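For the sequence shown, our numbering puts the final residue at 75, and the numbers step up evenly by one.
Every residue gets a Cβ at the ideal spot worked out from N, C-alpha and C, and that includes glycine.
Quick caveat: nothing in here was measured; it's all calculated off a predicted structure.
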Amino acid sequence: DTVSGRAQGVLGRLTRGLEAGDILLLHDRHSARTTTGSAVILEVLPPLLAAIAAAGLTPVTLRAAADRAARSP
């Protein structure tokens with residue numbers, strides 16, 4: 003999300019092969035810009051969250067994932 007200003011391309015890279023346990027790193031300050039000048043991540047986030055939900059996954063913070071992994075046998 004720091005190079006391509008094409009929301010669909012960024013979304014495709016983030017969701018391709020997405021599965022439980024994956025970590026998605028998104029930039030909120032230095033992200034690429036769309037042709038209208040907005041941060042591409044602002045256009046990507048709503049459909050990304052919808053794709054995550056459609057896959058039956060639940061987004062969690064990195065800390066929550068690490069805590070869960072530490073408790074797993």
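- Per DSSP, L64 is one residue of the alpha helix (DSSP H) stretching across L64 to R73.
- Burial is judged here by how many other beta carbons sit within 10 angstroms of a residue's own beta carbon; S33 has at least 16 and is buried.
- Under the three-state reduction of DSSP, A53 is assigned to helix.
- Burial is judged here by how many other beta carbons sit within 10 angstroms of a residue's own beta carbon; V62 has fewer than 16 and is exposed.
- In the DSSP assignment, T17 falls within the unbroken alpha helix (DSSP H) covering A9 to T17.
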